[in-house]
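Novice: Encoded as structure tokens, here's the structure I'll be asking about.
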Amino acid sequence: MNEVNIAIVGATGAVGAELIRILEERRFPAGEVRLLASPRSAGKTLSAFGHDVTVQALSDDAFGGVDIAFFSAGGSVSERFAPAAAEAGAVVIDNSSAFRLQEGVPLVVPEVNPEVIADHSGIIANPNCSTTIMLVALHPLHKAAGIKRIVVSTYQAVSGAGAAAMDELIEQTRDFVADRPLQANLLPVASGDVHYPMLFNVIPQVDGFDEGDYTKEEWKMVRETHKVWGDDTIGISATTVRVPVLRSHAESINVECERPLDADTARRLLAEAPGITVADDPAAQQYPMPVGATGLDDVFIGRIRDDDTVPHGLNMWVVGDQIRKGAALNAVQIAELLSESR
């Protein structure tokens, strides 16, 4: 396989670090590795592929000779610099929401719709992490029985709000033990006027509120699922919730299918599907949990059971590392498909 020159935008962040780690683990055929970040991070040294690499300041001119550019620095950075990277000849794999719903930009989960990668015009988008985890879990069932309605409630780790949110939860834990008041400055939304402590709490808001009093995160799960599956007739109702977990999201999912699909058949289909581990033994109290999914590639599924209140209904519990499969790994899998087609 020919070497591929890569750039990682946001290399000093949590997803950037995970990208480097996964690229190394999977022995991606990287040639030049260019690490890019904000000017304040320029000059730092990071280890990548056995070498010390100096972080460079992100600019329009930073992409010459780059084949694949991973963007993991937020929507505004992607909007500003991804077109320049594509213009320079790189294929952009973007982890932000900047291009996900834009016409002509493939929105890709490799286990679900790898064929659309070929339709790119320089930019490919990763779905939101909650959407990705859900679609990996549901796609085998959708192929078999045609899902027509989804009701999903998420239990999202604080790392989805960034490293600072993780630090705040840890600090709140220390404050509680020391009998100090809990300080809250970030959640549910850092830019909001009101903040709540995360420790011993559950916050039914992920991102800002939008149309119909659903949050932007909830609408992402609806609209991105419609785009990935190419079907906007599927009914989807989402409630996204932040919980005091450091890493790995969980989702309670109820589906109604067009054709018969019982729990035993669903369990078999899921066990045979790529990127999925079934952990479903109620008698032994075996089911997925964030502590067991963190740092692993697969999406884990358990509590699979029939829902007799609707025709062809199923319930399941799904857990996945949202930094890994929800962001970095999904991007690397897209890059692997691109490199194989070179």
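111 is the number of the first residue of the sequence shown in the numbering used here; add one for each residue after it. Backbone N, C-alpha and C fix where the C-beta goes; we use that ideal spot for every residue, glycine too. This structure is a prediction, so every number in the text was calculated from the model and none was measured.
Within the continuous beta strand (DSSP E) that includes Asn364, where are the two ends?
Specialist: Here the question's residue 364 lines up with position 254 in the sequence shown. Residues 359-367.
Novice: Do the CB positions of Gln166 and Arg144 come within less than 8 angstroms of each other?
Specialist: Locating residue 166 in the sequence shown gives position 56, where the first residue counts as 1. Locating residue 144 in the sequence shown gives position 34, where the first residue counts as 1. Yes, Cβ-Cβ distance for Gln166 and Arg144 is below 8 angstroms.
Novice: Comparing alpha-carbon positions, which option in Pro237, Asp170, Ala172, Ala383 lies nearest Leu217?
Specialist: Mapped onto the sequence shown, residue 217 falls at position 107. Ranking Pro237, Asp170, Ala172, Ala383 by Cα distance to Leu217 puts Pro237 first.
Novice: So, for Ala195: in the same chain, excluding its five sequence neighbours on each side, which residues have a beta-carbon less than 6 angstroms away from its beta-carbon?
Specialist: To locate residue 195, count along the sequence shown from 1; it is residue 85. So the qualifying residues of the chain are Phe173, Ala179, Val202.
Novice: Would you give the residue range spanned by the alpha helix (DSSP H) that Asp417 belongs to?
Specialist: Counting from one through the sequence shown, the residue named residue 417 turns up at place 307. Asp417 -> not in any alpha helix (DSSP H); beta strand (DSSP E) instead, spanning 409-417.
Novice: Please list, in chain order, all residues of the same chain as Pro307 whose beta carbon is under 7 angstroms from its beta carbon, the five residues on each side excluded.
Specialist: For the purposes of this step, residue 307 is identified with residue 197 of the sequence shown, where counting begins at 1. So the qualifying residues of the chain are Gln282, Leu292, Ala294.
Novice: Rounded to the nearest angstrom, what separates Ser182 and Tyr265 at their Cα positions?
Specialist: In the sequence shown, residue 182 corresponds to position 72, counting from 1. In the sequence shown, residue 265 corresponds to position 155, counting from 1. For Ser182 and Tyr265, the distance between alpha carbons rounds to 23 angstroms.
Novice: Comparing C-alpha positions only, which one of Ala192, Val222, Gly436, Ala273 sits nearest to Ile234?
Specialist: Within the sequence shown, the letter at position 124 stands for residue 234. Nearest C-alpha to Ile234: Ala192.
Novice: Tell me the residue span of the alpha helix (DSSP H) that contains Ser240.
Specialist: For the purposes of this step, residue 240 is identified with residue 130 of the sequence shown, where counting begins at 1. From DSSP, the alpha helix (DSSP H) with Ser240 extends over 239-255.
Novice: Using the rule of at least 16 other Cβ atoms within 10 Å of the residue's Cβ for burial, across every protein chain shown, is Gly340 buried or exposed?
Specialist: By 1-based counting over the sequence shown, the position of residue 340 is 230. So Gly340 ends up on the exposed side.
Novice: Here's the rule: buried if 16 or more other CB atoms are within 10 angstroms of the residue's CB, otherwise exposed. What is Val401?
Specialist: In the sequence shown, counting from the first residue as 1, residue 401 sits at position 291. By the neighbour-count rule (16 or more Cβ atoms within 10 Å), Val401 is not buried but exposed.
Novice: Measure the beta-carbon distance from Val332 to Glu366 and round it to whole angstroms, keeping in mind my assumption that it falls under 8 angstroms.
Specialist: One-based indexing of the sequence shown puts residue 332 at position 222. One-based indexing of the sequence shown puts residue 366 at position 256. Wrong, their Cβ atoms sit about 16 angstroms apart, outside the cutoff.
Novice: Can you check DSSP and say which residues form a bridge with His161?
Specialist: Numbered from its first residue, the sequence shown carries residue 161 at position 51. DSSP, once it has assigned bridges, lists Ala158 as partnering His161.
Novice: Beta strand (DSSP E) containing Ile346: first to last residue?
Specialist: Residue mapping note: residue 346 aligns to position 236 of the sequence shown, counting from 1. Per DSSP, Ile346 belongs to the beta strand (DSSP E) from 345-352.
Novice: Which residue from Val388, Pro398, Pro384, Leu356 puts its Cα closest to that of Ala373?
Specialist: As a position in the sequence shown, residue 373 is number 263, starting the count at 1. Per the Cα distances, Val388.
Novice: Can you tell me the Cα-Cα spacing of Arg415 and Arg378, whole angstroms?
Specialist: Counting from one through the sequence shown, the residue named residue 415 turns up at place 305. Counting from one through the sequence shown, the residue named residue 378 turns up at place 268. If you take the alpha carbons of Arg415 and Arg378, they lie about 13 angstroms apart.
Novice: Which residue's Cα is closest to the Cα of Asn205: Asp320, Val119, Arg413?
Specialist: Here residue 205 corresponds to residue number 95 of the sequence shown, with the count starting at 1. With distances taken between Cα atoms, Asn205 lies closest to Val119.
Novice: According to DSSP, is Ala274 part of a helix, a strand, or is it coil?
Specialist: For the purposes of this step, residue 274 is taken as the residue at position 164 of the sequence shown. Looking at Ala274 - three-state DSSP - the assignment turns out to be helix.
Novice: So the alpha helix (DSSP H) Ala124 belongs to, where does it begin and stop?
Specialist: What you label residue 124 is simply residue 14 of the sequence shown in a count that begins at 1. Start and end: 124-135.
Novice: Spatial neighbours of Arg259 within its chain, please: CB distance less than 6 angstroms, with the 5 preceding and 5 following residues excluded, ordered by chain position.
Specialist: Residue mapping note: residue 259 aligns to position 149 of the sequence shown, counting from 1. Contacts found: Gly345, Glu366.
Novice: On a CA-only basis, which of Ala208, Lys154, Val355, Ser157 is nearest Lys330? Give me that one, please.
Specialist: Within the sequence shown, the letter at position 220 stands for residue 330. Out of Ala208, Lys154, Val355, Ser157, Ala208 has the C-alpha closest to the C-alpha of Lys330.
Novice: From Ile313, Phe310, Ser347, pick the residue whose C-alpha is nearest to that of Glu328; which is it?
Specialist: For the purposes of this step, residue 328 is taken as residue 218 along the sequence shown, with counting starting at 1. Looking at the Cα atoms, Ser347 is the closest of the given residues.
Novice: Leaving out five residues on either side along the sequence, give the residues of the same chain with a beta carbon under 8 angstroms from the beta carbon of His422.
Specialist: Along the sequence shown, read from residue 1 onward, the residue named residue 422 stands at position 312. Correct list, in chain order: Ala255, Glu366, Cys367, Glu368, Arg369, Pro370, Leu371.
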